Structure formats: structure tokens, C-alpha cells
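In our numbering, each number is its position in the sequence shown, counted from 1, plus 384.
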Amino acid sequence: MLLRDPVHAHGLLQGVTTEFITQDGLSYALLSAGNLDSYGRYIAGLYGPPPVGLDMSTMAAFRSHYEGKGCNVAVQAPHGPVRLESVGFEDVPLEGEGLARAERMVAEAMGQGAPGVSTGLSYYPNSYSDTDEL
């Protein structure tokens, strides 16, 4: 919503000065161009279509789109895109090189300002995760 309503009046009028986004592990953040298109169609019902022409491939790039908005924004590393970039929509354990890639992505995202990781195990591909992965 902040990309479409940068003033954030509905939140500010209620005293909300900081928004944590990428709840439930869903986000356009950290997605390659190919996955942005496919995952974008999957989560468009919740978030609307992905913004056109904005770089979402790194946490730093994603966060930059929220600078100067009407409130502070904390962007968590989204589990769904991390898993999607690591092993796709496959119902497989995240292990080996896939797990190593996911770990690198999360470490990079946190190094670029993500305060933590968000997951939602009711959504795909997050729901394919096991406790070892988490």
C-alpha cells in the first residue's frame, strides 16, 4: 500500500508511524525478474500486481522504494521468495546447495537492513518447509 499511498494517512491518523512489511513470508522482495512475474501473479490477489519497472532483486533495492514515505518501514526477509529463488515451487526439502543459497540470501538481506525473517506456512512455497529448514 505504501507504494500506492506514500502519505500513509490512514495509518498516521491512527498513530502508526512504523510499518513492518512482508508479513507471512510474502513479498516482491528478493525476486529475480523471471520469478517476479510468476510469483507476482500468485500473490497479486493480496498485494496487487507487482509494480512495473522497480528493481526488487535485493533487500537494498526493495527498501529504497520506501524511502521518504509517510512512515518508517521495516522490511523483513520474506521466506517465500527466498525458498522460490532457492528451489522453486517444488515440494522438496531445502538442503544442500538450495539451503546454502537461502542462507546467503537471508544473510545478505539482513546485512542490507532486514530486521528478521518472516514466514507463513499456509502459503506456497513456504508450506513445503520442514522444521530443519526453518
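A virtual CB, placed ideally from N, CA and C, is assigned to each residue, including glycine.
All values derive from a computational prediction rather than experimental measurement.
Between which residues of its own chain and residue i is the CB-CB distance below 7 Å, once the five residues before and five after are set aside?
i: Ser-416; result: Ser-441 and Glu-469
i: Ala-486; result: Val-466, Arg-467, Ser-470 and Leu-478
i: His-463; result: Gly-409, Val-501, Ser-502, Thr-503 and Asn-510
i: Ala-445; result: Asp-439
i: Pro-499; result: Ala-458 and Gln-460
How should residue i be labelled, buried or exposed, when 16 other C-beta atoms within 10 angstroms of its C-beta is the threshold for buried?
i: Asn-419; result: buried
i: Val-436; result: exposed
i: Ala-491; result: exposed
i: Ala-493; result: buried
Residue i and residue j look like a contact to me (Cβ under 8 Å); what is the Cβ gap, rounded to whole Å?
i: Leu-386; j: Tyr-431; result: Not really, about 11 Å apart at Cβ, beyond 8 Å.
i: Thr-406; j: Val-459; result: 6 Å
i: Val-447; j: Gly-497; result: For the sequence presented, residue 447 should be read as Arg rather than Val. About 6 Å separates the two Cβ atoms, so the contact holds.
i: Gly-454; j: Leu-396; result: 6 Å
Alpha carbons only, please: which of the options is nearest the one belonging to residue i?
i: Tyr-508; options: Gly-480, Ala-493, Asp-475 and Ala-491; result: Asp-475
i: Thr-515; options: Gly-495, Leu-397, Leu-483 and Met-443; result: Leu-483
i: Gly-452; options: Gly-495, Phe-404 and Pro-390; result: Pro-390
i: Tyr-555; options: Pro-433, Leu-505 and Val-400; result: Since the displayed the chain opens at 385 and closes at 518, residue 555 lies outside it and no answer follows.
i: Ala-393; options: Asn-456, Ser-448 and Ser-506; result: Asn-456
### Message
For a minimum of 3 consecutive residues, which ranges assigned as the beta strand (DSSP E) are wholly contained in the region 399-431?
### Response
402-405
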